[in-house]
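K.L.:
Here it is, the structure in full.
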Amino acid sequence: MKKPLIILTIMLVVTGCTGWQNPLIKQAWQEIDDKPEAARTILAKVHYNSLSESDKAEYGLLSAIVDYETSRKPENDSLISASITYYNQHGDDWHRGRAYFYRGAVRMFKFGNIPEAVGDFKVAETIAEKSNDEELKSRVYERLFYANFYIGSNTSVIKYARKLLNSSTHLNDSTMMLKSMLMCATAHADMDRMDSAYAYIKKGIKLKKDVDWFRLVDVDANGIRWYLTMAYIRKAQGQYDSAIELAKVGMTDIDQKTRMKSMQLLAELYEQTGDKKQAEETKMQLKEYEDSMKYVKLGMQMIDWQNTFDERQQTQEFYRQTAWMQGVITMIVILAALAIGIGLWLHRRKVRRLSHQLDEDAQSTNELRSKMGLLENRMERISNTLLIGTQMYNQLQQRQCIAEATAKEQQSLVDYFTQLRPKRWQEWKRKYSSLSTAQYIFLIMQDDLHYDDEAIANALNVKRTSVRSMRSRIKSRER
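Position 192 of the sequence shown, counting from 1, maps to 384 under this note's numbering, and the rest follow consecutively.
Here it is, written out as structure tokens:
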């Protein structure tokens, strides 16, 4: 009788450890999409320390999603990082991909840590593409677009705008398709590819007619960028008056970067149209705007400083009023200051390490650019040589005289022939030794174009005796 009871007990324990899920965690998953605030309330009731390892991982993921969706800034990313550690060892691609995505989102939008956020997004991108998770791919591509947009990587901006367009097409999400077309147009306009930008704008206008009006709120929030993109296109087309009107609309955008670009474009357009006064006024307005942004940042710093100062004053007053607790509080403050100092020291170490890594990456990038420049110059020289050689060879085919050809043109003809007839060239190299450029040209006319002595003499503007003399000198070079 005892044996069946023992077996039953073991089965219950195993089942409880592996298949059971905390009901509050399950309830939070049900509310997370439509009611993130309700999910936050549910998570607040969870006793974290009593959760299993898998439930702790889900709790960390849910907390990151809630913080992101409700625009709240967490104290740190330790919970979602712990979830990632668990999912890397035990999780499936669905949980693991979203854990990396939401940690990247929190790092980017809550802490402003774009480099580490991009690293998380790239891992999420790899997981999404490997598992063909279209929903996750769409989210990751959108965030990578914005990350590269703010750091100015135009090539990556276009890459992820196109990826987002393809993903939204697979999902049949017309709103996201429209948004990604706007992204593609903006990216091409920033790279002065106005024809491509205009093509995406036309597609977007055509698609916008098929999208329900109540789903356009998110798209129209960024719609003013369309006007700025169209302004660049009109400038490239020479339609300055139309470009000025469109750029003025771009100045009403809430995005600081778009407004500053619109001001810069307006100043350029006024200079193009000869309106020096308006150009100077716009430049002054742009400078004032930049200065005002500096003052706003300075003002925020002053407010923070004053708040900190007031808090310190209140703390000191509290210490005076609670003298009997002063010793205990002083000890707490010392420990807190020590912790802050250690944290700052660790933070500075991390910043120095990242700065050193960025310097190394920048140096590597410059070296690669230099190598690319050398390769481009070399390719250009080879292209010019082959072009001259082609022209010289065509002259010989047409039985024209090449007696006035320079040494460079003669060498270009020989170089072109090595590419045109490689087998014959190798045969000559094996048969003869140390032939000059003129002797190779003689062989080209004789063996490849089948000139007779008279034709060779006419092409080189020499006597036939000179032709026979050169043939004998070439024959003497045979191995």
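The beta-carbon is built from N, C-alpha and C at its ideal position, and this holds for glycine as well.
Assuming contact is defined by CB atoms lying nearer than 8 Å, are residue 358 and residue 382 in contact in what I supplied?
P.N.:
Cβ distance not < 8 Å, so residue 358 and residue 382 don't count as in contact.
K.L.:
Residue 288 and residue 256 - do their beta-carbons sit closer together than 8 Å?
P.N.:
Contact flag unset, no.
K.L.:
Between the segment 239-257 and the segment 267-287, are three or more C-beta pairs nearer than 8 Å?
P.N.:
Taking 8 Å as the limit for Cβ pairs, the verdict is that the segment 267-287 does touch the segment 239-257.
K.L.:
Indicate whether residue 258 and residue 235 have their beta-carbon atoms separated by less than 8 Å.
P.N.:
Cβ atoms of residue 258 and residue 235: closer than 8 Å.
K.L.:
Taking residue 663 as part of the alpha helix (DSSP H), name the residues at either end of that continuous run.
P.N.:
Start and end: 656-668.
K.L.:
Give a yes or no on whether the C-beta atoms belonging to residue 307 and residue 262 are separated by under 8 Å.
P.N.:
No.
K.L.:
Does residue 152 pass the burial test, meaning 16 or more other C-beta atoms within 10 Å, or should it be called exposed?
P.N.:
Outside the displayed span of the chain (193 to 671) sits residue 152, for which this structure offers no information.
K.L.:
What ranges does the alpha helix (DSSP H) occupy inside the segment 295-358, keeping only unbroken runs of at least 4 residues that lie completely in it?
P.N.:
Counting whole runs of 4 or more residues, the segment 295-358 contains the alpha helix (DSSP H) stretches 306-323 and 326-343.
K.L.:
I'd like the list of long-range same chain contacts for residue 404, defined as Cβ closer than 6 Å, with 5 residues on each side in sequence excluded.
P.N.:
Residue placement at residue 404 is flagged as unreliable, the pLDDT there being 45, under the threshold of 50; the coordinate-derived value follows with that caveat. Counting only Cβ-Cβ distances below 6 Å, and skipping sequence neighbours, we find nothing.
K.L.:
Once DSSP output is grouped into helix, strand and coil, what is the label at residue 624?
P.N.:
Correct three-state label for residue 624: strand.
K.L.:
State the DSSP-derived secondary structure class of residue 596, mapped to helix, strand or coil.
P.N.:
The answer is coil: DSSP assigns residue 596 none of H, G, I, E or B.
K.L.:
Using 8 Å for Cβ pairs, my map puts residue 584 next to residue 574. What's the rounded Cβ distance?
P.N.:
That pair is no contact at about 16 Å.
K.L.:
How far does the alpha helix (DSSP H) with residue 380 in it reach, from first residue to last?
P.N.:
Where residue 380 is concerned, the enclosing alpha helix (DSSP H) stretches over 366-382.
K.L.:
Considering only the beta carbon of each residue, do residue 655 and residue 649 sit closer than 8 Å?
P.N.:
Yes, these two residues count as a Cβ contact at 8 Å.
K.L.:
Quick one: measure Cβ to Cβ for residue 350 and residue 379, integer angstroms, because I've assumed they're closer than 8 Å.
P.N.:
Sure, about 4 Å apart at Cβ, within 8 Å.
K.L.:
Residue 319 and residue 365: beta carbons closer than 8 Å?
P.N.:
No, they are not a contact pair.
K.L.:
I'd like to know whether the C-beta atoms of residue 633 and residue 602 end up nearer to each other than 8 Å.
P.N.:
Cβ distance < 8 Å, so residue 633 and residue 602 count as in contact.
K.L.:
Straight-line CA distance for residue 266 to residue 300?
P.N.:
Those two C-alpha atoms are separated by around 12 Å.
K.L.:
Indicate the three-state DSSP secondary structure (helix, strand or coil) for residue 361 in the structure shown.
P.N.:
Of the three classes helix, strand and coil, the one that applies to residue 361 here is helix, per DSSP.
K.L.:
Confirm the yes/no value for this check: CB of residue 531, any heavy atom of the ligand SAH, distance under 7 Å.
P.N.:
In the structure on display, the ligand SAH does not appear, and there are no ligands present to speak of.
K.L.:
Within the same chain, show all residues whose beta-carbon is closer than 6 Å to that of residue 312, passing over the 5 residues directly before and after it, in chain order.
P.N.:
The residues are 292, 295 and 296.
K.L.:
Using the C-alpha atoms, what's the distance from residue 376 back to residue 363?
P.N.:
In a straight line, the C-alpha of residue 363 is about 18 Å away from that of residue 376.
K.L.:
So residue 290 and residue 328 are supposed to be a Cβ contact under 8 Å. How far apart are they, rounded?
P.N.:
Their Cβ separation, rounded to whole angstroms, is 7 Å, which keeps residue 290 and residue 328 in contact under 8 Å.
K.L.:
Residue 430 by DSSP, collapsed to three states: which one?
P.N.:
Three-state DSSP puts residue 430 in coil, outside helix and strand.
K.L.:
With DSSP run on the structure shown, which of helix, strand or coil describes residue 614?
P.N.:
In the structure shown, residue 614 sits in a helix (DSSP, three-state: H, G or I).
K.L.:
Tell me where the alpha helix (DSSP H) around residue 257 begins and ends.
P.N.:
Run containing residue 257: 245-261, per the alpha helix (DSSP H) assignment.
K.L.:
Evaluate residue 409 with the Cβ neighbour count: other Cβ atoms within 10 Å of its Cβ, from every protein chain shown; 16 or more gives buried, anything less gives exposed.
P.N.:
Because residue 409 carries a pLDDT of 41, less than 50, the predicted location of this residue cannot be relied on, and no value is offered for it.
K.L.:
If we count the other Cβ atoms within 10 Å of its Cβ and call it buried at 16 or more, is residue 193 buried or exposed?
P.N.:
Here the model assigns residue 193 a pLDDT of 41, short of 50, so the residue's position is not dependable, and the following value carries that caveat. Classification for residue 193: exposed.
K.L.:
Using the C-alpha atoms, what's the distance from residue 536 back to residue 523?
P.N.:
Between residue 523 and residue 536, the C-alpha separation is close to 20 Å.
K.L.:
Suppose you measure from the CA of residue 341 to the CA of residue 582; what does that come to, to the nearest Å?
P.N.:
Approximately 45 Å between the Cα atoms of the pair.
K.L.:
Could you give the first and the last residue of the continuous alpha helix (DSSP H) run that contains residue 278?
P.N.:
Start and end: 270-282.
K.L.:
Please confirm whether residue 578 and residue 608 have their CB atoms less than 8 Å apart.
P.N.:
Yes; because the gap between Cβ atoms is below 8 Å, this pair is in contact.
K.L.:
Using the Cβ count rule (16 or more neighbours within 10 Å means buried), how would you classify residue 333?
P.N.:
Under this definition residue 333 is a buried residue.
K.L.:
To the nearest whole angstrom, what separates the beta carbons of residue 330 and residue 360, a pair I think is in contact under 8 Å?
P.N.:
Sure, about 6 Å apart at Cβ, within 8 Å.
K.L.:
To the nearest angstrom, report how far apart residue 245 and residue 264 are at their CA atoms.
P.N.:
Near 25 Å, if we compare the C-alpha coordinates of residue 264 and residue 245.
K.L.:
Taking all protein chains shown into account, decide if residue 551 is buried (16 or more other Cβ within 10 angstroms of its Cβ) or exposed.
P.N.:
With fewer than 16 other Cβ atoms within 10 Å, it is exposed.
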